[in-house]
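> The opening residue of the sequence shown carries number 19 in the numbering used here; numbering runs sequentially from there.
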Amino acid sequence: MKYPLDCESNFEKTYLFWLSRFIRNKITTLSNRQVKDPDRLTQILHDLSLGFNDIKELKATVKEVRNIGINSIHVYYIPLEKLYDFVYAYGAASMREIDEELLSDFLAAKTSKLSDATKKNYRIALVTFFGYIDKQSQENDGHTFRFGIELKNWGGLSGKSGQKLPSFMKKEEIQRFIQAIDDYEFSSKIAARNRLIIKTILYTGIRVSEAINIHMKDFNKDEDAYIIQVRGKGNKPRVVMIKENIIQKDLNEWNSIKCCNNNLLFCNQKGNELTQAYISSIVEKILLSVGIRKEKNGAHMLRHTFATMLYQKSKDLILVQESLGHADINTSRIYTHFDKDKLKQTTDIF
Numbered sequence: 019m020k021y022p023l024d025c026e027s028n029f030e031k032t033y034l035f036w037l038s039r040f041i042r043n044k045i046t047t048l049s050n051r052q053v054k055d056p057d058r059l060t061q062i063l064h065d066l067s068l069g070f071n072d073i074k075e076l077k078a079t080v081k082e083v084r085n086i087g088i089n090s091i092h093v094y095y096i097p098l099e100k101l102y103d104f105v106y107a108y109g110a111a112s113m114r115e116i117d118e119e120l121l122s123d124f125l126a127a128k129t130s131k132l133s134d135a136t137k138k139n140y141r142i143a144l145v146t147f148f149g150y151i152d153k154q155s156q157e158n159d160g161h162t163f164r165f166g167i168e169l170k171n172w173g174g175l176s177g178k179s180g181q182k183l184p185s186f187m188k189k190e191e192i193q194r195f196i197q198a199i200d201d202y203e204f205s206s207k208i209a210a211r212n213r214l215i216i217k218t219i220l221y222t223g224i225r226v227s228e229a230i231n232i233h234m235k236d237f238n239k240d241e242d243a244y245i246i247q248v249r250g251k252g253n254k255p256r257v258v259m260i261k262e263n264i265i266q267k268d269l270n271e272w273n274s275i276k277c278c279n280n281n282l283l284f285c286n287q288k289g290n291e292l293t294q295a296y297i298s299s300i301v302e303k304i305l306l307s308v309g310i311r312k313e314k315n316g317a318h319m320l321r322h323t324f325a326t327m328l329y330q331k332s333k334d335l336i337l338v339q340e341s342l343g344h345a346d347i348n349t350s351r352i353y354t355h356f357d358k359d360k361l362k363q364t365t366d367i368f
């Protein structure tokens with residue numbers, strides 16, 4: 019079914035109408051393998067088809083969609099939410115005032131400190147959003163207003179910031195953090211669980227989304243280590259290992275009290291899956307408790323730390339790629355920037 023472009027009385031309502039329908043469309047095209055509550059997702063799809071009158075309500079809904087299991091929806095939503103604020107501040111009375119020049123201004127102003135990969139995501143979100151409207155809008159007289167957004171000539175890539183180096187802990191900070199994991203005062207009911215999941219992420223480099231979706235059948239003992247099968251982006255399986263002595267005490271304690279639905283290894287006190295935001299919040303609290311401050315203090319920083327240390331010790335980029343589950347070795351290549359031995363060679367050139 020098609021709708022007039024200005025289907026509501028003002029810019030705010032019109033934008034929210036189209037953004038709601040676009041998000042609904044993307045949810046139906048993204049991978050649903052990790053969806054945990056199909057009934058709730060069905061209700062959300064219905065709500066999105068009706069639309070929202072407040073951007074805050076839509077934002078809360080998108081957050082819930084992520085927690086349900088459509089993890090990558092934020093890649094599309096965040097740029098379009100920021101565009102809403104930008105155009106609203108611009109004072110647009112209609113979406114017809116949005117053109118390539120305005121979108122280039124938006125990208126230049128809002129992505130200057132972002133990595134090239136994130137800038138590309140912003141461009142893709144904009145092009146896809148307005149392409150969706152071009153296909154779904156039609157005026158009552160049969161005519162169609164087309165944005166025709168391509169942004170082919172946007173020159174924001176490889177700009178001032180270039181590719182940002184990821185935050186990671188140095189050796190001395192890692193030792194402090196590891197000690198802090200055991201020393202931090204969690205609630206007694208969840209202490210073992212929190213220590214176990216943080217150690218698992220740190221010592222294996224798996225993504226937070228992979229950790230919270232580990233099933234008991236994929237967590238198996240092999241001599242003095244545990245082998246963990248995880249599924250990464252694109253539902254690609256891989257295997258990681260962690261030494262028994264690192265986690266055995268916490269694992270025994272957690273197994274004695276846990277009661278998880280769907281045979282999960284980690285869950286909240288209701289038996290449901292933990293959220294990525296919760297894991298990042300406890301990592302940040304532990305870091306701050308021992309005075310470690312990074313540009314990004316969340317749980318994903320532990321993955322960068324693992325990869326950095328792995329490359330520094332092994333000098334094996336293929337091993338880093340396989341351990342992290344990167345489809346392209348160029349994604350892993352960023353960790354070569356932290357090779358001090360090679361950098362020291364440059365100090366002796368003259």
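Heads up, the beta-carbon is just placed ideally off N, CA and C, and yes, glycines get one too.
For residue 156, does the three-state DSSP call read helix, strand or coil?
Translated into positions along the sequence shown, residue 156 becomes position 138. If DSSP states are grouped into helix, strand and coil, residue 156 belongs with coil.
> Of all the beta strand (DSSP E) runs that stay within the bounds of the region 19–104, which reach a length of 3 or more residues?
Qualifying beta strand (DSSP E) stretches: none in this window.
> So, helix, strand or coil for residue 363, using DSSP?
Indexing the sequence shown from 1 puts residue 363 at position 345. The answer is helix: DSSP assigns residue 363 an H, G or I state.
> Could you have a look at residue 355 and say whether DSSP puts it in helix, strand or coil?
Working through the sequence shown from its first residue, we reach residue 355 at position 337. DSSP places residue 355 in helix when its eight states are reduced to three.
> For a test of the three-state rule: what should DSSP assign to residue 246, helix, strand or coil?
Working through the sequence shown from its first residue, we reach residue 246 at position 228. Reduced to three states, the DSSP call for residue 246 is strand.
> On a Cα-Cα basis, can you pick out the residue from 83, 91, 126 that is closest to residue 101?
Walking along the sequence shown from the start, residue 101 turns up at place 83. Among 83, 91, 126, the Cα nearest to that of residue 101 is on 126.
> With a CB to CB cut of under 8 Å and the five nearest residues on each side skipped, what residues in its chain are close to residue 140?
Translated into positions along the sequence shown, residue 140 becomes position 122. Excluding positions up to five away in sequence, the list reads 97, 125, 128, 129, 132.
> Assuming contact is defined by CB atoms lying nearer than 8 Å, are residue 198 and residue 307 in contact in what I supplied?
Numbered from its first residue, the sequence shown carries residue 198 at position 180. Numbered from its first residue, the sequence shown carries residue 307 at position 289. Cβ distance < 8 Å, so residue 198 and residue 307 count as in contact.
> To the nearest angstrom, how far is it from the Cα of residue 144 to the Cα of residue 301?
As a first step, residue 144 is located in the sequence shown; it is residue number 126 there, counting from the start. As a first step, residue 301 is located in the sequence shown; it is residue number 283 there, counting from the start. Rounded to the nearest angstrom, the two C-alpha atoms are 33 Å apart.
> Who are the near neighbours of residue 212 in its chain, counting only those whose CB is closer than 6 Å to its CB and skipping five residues on each side?
Locating residue 212 in the sequence shown gives position 194, where the first residue counts as 1. Hits under 6 Å: 204, 300.
> Does the separation of the CB atoms of residue 194 and residue 310 fall below 8 Å?
Locating residue 194 in the sequence shown gives position 176, where the first residue counts as 1. Locating residue 310 in the sequence shown gives position 292, where the first residue counts as 1. Closer than 8 Å, so yes.
> Taking a contact to mean a Cβ-Cβ separation below 8 Å, would you say residue 22 touches residue 206 in this structure?
Along the sequence shown, read from residue 1 onward, the residue named residue 22 stands at position 4. Along the sequence shown, read from residue 1 onward, the residue named residue 206 stands at position 188. No, Cβ-Cβ distance for residue 22 and residue 206 is not below 8 Å.
> Going by DSSP, which residues form a beta bridge with residue 240?
Residue numbering aside, residue 240 sits at position 222 when the sequence shown is read from its first letter. Answer by DSSP bridge pairing, in chain order: 243.
> I'd like to confirm the pairing. Which residues does DSSP put opposite residue 282 in its beta bridges?
Stepping through the sequence shown from its first residue, residue 282 is reached at position 264. BP columns for residue 282 point to 233.
> Mapping the DSSP letters down to three states, classify residue 131 as helix, strand or coil.
Working through the sequence shown from its first residue, we reach residue 131 at position 113. Coil.
> Use the C-beta contact count for residue 257: other C-beta atoms within 10 angstroms, 16 or more gives buried, fewer gives exposed.
For the purposes of this step, residue 257 is identified with residue 239 of the sequence shown, where counting begins at 1. Result: exposed.
> In terms of DSSP beta bridges, what is residue 255 paired with?
The sequence position of residue 255 within the sequence shown is 237, counting from 1. As a beta-bridge residue in DSSP terms, residue 255 pairs with 249.
> Where does residue 340 sit, in a helix, a strand or coil, going by DSSP?
As a working note, residue 340 is residue 322 in the sequence shown. Three-state result, residue 340: helix.
> Our contact map puts residue 253 next to residue 49 with C-beta atoms below 8 Å; I'd like the distance itself, whole angstroms only.
Within the sequence shown, residue 253 is the residue found at index 235, counting from 1. Within the sequence shown, residue 49 is the residue found at index 31, counting from 1. That belief holds up - the Cβ atoms of residue 253 and residue 49 are roughly 7 Å apart, short of 8 Å.
> Whose C-alpha, out of 358, 121, 159, 110, is nearest the C-alpha of residue 333?
If you number the sequence shown from 1, residue 333 lands on position 315. Closest by alpha carbon: 358.
> Among 116, 184, 94, 171, which has the Cα closest to the Cα of residue 164?
Against the sequence shown, residue 164 aligns to sequence position 146. Ranking the options by Cα distance to residue 164, first place goes to 116.
> By Cβ distance, which residues of its chain are closer than 7 Å to residue 118, with the 5 residues on each side in sequence left out?
Position 100 of the sequence shown, counted from the first residue, corresponds to residue 118. Correct list, in chain order: 167, 169.
> Are there 16 or more other CB atoms within 10 angstroms of the CB of residue 319, so buried, or fewer, so exposed?
What you label residue 319 is simply residue 301 of the sequence shown in a count that begins at 1. Per the 10 Å Cβ criterion, buried.
> Could you please give me the residues that DSSP links to residue 260 through a beta bridge?
Numbered from its first residue, the sequence shown carries residue 260 at position 242. DSSP output for residue 260 lists 244 as bridge partner(s).
> When we look at the beta-carbon of residue 341 and count the other beta-carbons within 10 Å, is it buried (16 or more) or exposed?
Indexing the sequence shown from 1 puts residue 341 at position 323. Residue 341 is buried by the Cβ-count criterion.
> Three Cβ pairs or more, each shorter than 8 Å: is that satisfied between the region 340–355 and the region 230–246?
no
> Following the continuous alpha helix (DSSP H) through residue 349, name the residue where it begins and the one where it ends.
For the purposes of this step, residue 349 is taken as the residue at position 331 of the sequence shown. 347–350 is the extent of the alpha helix (DSSP H) around residue 349.
> Entirely within the region 180–225 and at least 4 residues each: give me those alpha helix (DSSP H) ranges in chain order.
Runs of the alpha helix (DSSP H) lying entirely within the region 180–225 and spanning at least 4 residues, in chain order: 189–201, 209–222.
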